[in-house]
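Numbering (numbering that gives the first Met the number 0), first residue to last: 0 to 304.
In this text, a Cβ means the ideal position worked out from N, Cα and C, and glycines have one as well.
Source: prediction; values computed, not measured.
Below is one structure; the comments refer to it alone.
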Amino acid sequence: MDWLEVAVASPVELVEAVANVLNEIGSGGVVIEDPALIMNLIAEGSNETIAPTLKPLQVGQVVVKGYFCHDISLQQRLEHLSPRLSELSVSWQTREVREQDWATAWQAYYRPTRVGKHIVVKPSWEDYIAREGETVIELDPGMAFGCGTHATTAMCLALLEELVLGCSVVYDIGTGSGILAVAAALLGAREVIAVDIDELAVRTARDNAERNGVSDQVSAVQGDLLDNLAGGQADLIVANIIADVIIQLAPDAAAALKPGGKLVASGIIIDRADEVRRALGDAGLAPKQEMTEGEWVAMVYQKES
């Protein structure tokens, strides 16, 4: 199958708006290339992990990419997309992408990465000898979001290290590659339910759970957010999505948590953090912890006992 890639050059403060437009028009996936992360990798001497096409990006400008299937509706989607992006005063360009190229070209730049205190995320095609005390996650993200290097995912992994111990039931909402669900299981969660609306992401999450020997603990299911999940059952919910979805999710997350249960919310750009805080507070959740990295914020909120 062939796809049309729409690449939008966006200031940081408009990233979520651009991503929302691409999703609303029917993108089969959204990729955010964040120059702050790229500069961090360069500063750490990890240039070899950066695709050459990413290095020219300017700090303060993010590239948001959407992917549209070549079908009879493509022209209509583009006709709807153009005025929406024009309203945001952003520039954009398109190119053709073959699915196989999209799925595999990035593999040359993905290397084992340490995240948090003891977690190492390694691609399935790379060898890695674990050191004592390390939790190694072997991952093949395919076309699903989440390989551990983006700030939003890295902060979630660091928080899971602190919070999973003693948790029986964890919900991973918008699981993508399944990295957070697999991490929760490897860190000791008895049961993890990983949810994504995208069938491809669900298959990828299942494959990665099996690859890491936690398929008995991780159930990957297709669904919309917390729909059809039992209320009052989760010790921990992790949602690495975007601010608008977390705001929408807040009341249902509060209902799904056990008394004393916690929500880890990430994927929040710093300019939207106050809106998310208000929504979580209005849902009856209490703030417990925050992390920031670059332009991104991760929050921990708790349902009072």
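- A distance of 8 angstroms or more separates the beta carbons of T174 and A153.
- Cβ contact annotation for L80 (same chain, cutoff 6 angstroms, sequence separation greater than five): I24, in chain order.
- Comparing C-alpha distances from P10 to each of N22, L87, E4 shows the shortest one belongs to L87.
- With a minimum length of 4 residues, the unbroken runs of alpha helix (DSSP H) contained wholly in the segment 199–257 fall at 242–255.
- Contact between K302 and P258 holds, since their C-beta atoms are separated by about 6 angstroms, short of 8 angstroms.
- C-alpha of P250 to C-alpha of T93: approximately 38 angstroms in a straight line.
- DSSP, reduced to helix, strand and coil, places C155 within a helical segment of the structure shown.
- Nearest in C-alpha terms to V119, of all of G65, V163, L186, S72, is L186.
- Around the C-beta of R130, fewer than 16 other C-beta atoms lie within 10 Å, and the residue is accordingly described as exposed.
- By the Cβ-count criterion, H69 is exposed, with fewer than 16 other Cβ atoms from all chains shown falling within 10 Å of its own Cβ.
- Proximity of the segment 156–167 to the segment 230–241 meets the contact definition, three or more beta-carbon pairs being nearer than 8 angstroms.
- Beta-carbon to beta-carbon, S265 and A242 are separated by about 10 angstroms, too far to satisfy the 8 angstroms threshold.
- Bounds of the beta strand (DSSP E) holding V7 are 1–10.
- With contacts defined as CB atoms closer than 8 angstroms, A6 and W91 qualify as a contacting pair.
- Membership of I192 in the beta strand (DSSP E) is indicated by the continuous run 190–195.
- About 7 angstroms separates the beta carbon of A208 from that of A180, a gap short enough to meet the 8 angstroms contact definition.
- Comparing alpha-carbon positions, the option among L13, W295, S218, I246 lying closest to L84 turns out to be L13.
- About 7 angstroms separates the beta carbon of L225 from that of L248, a gap short enough to meet the 8 angstroms contact definition.
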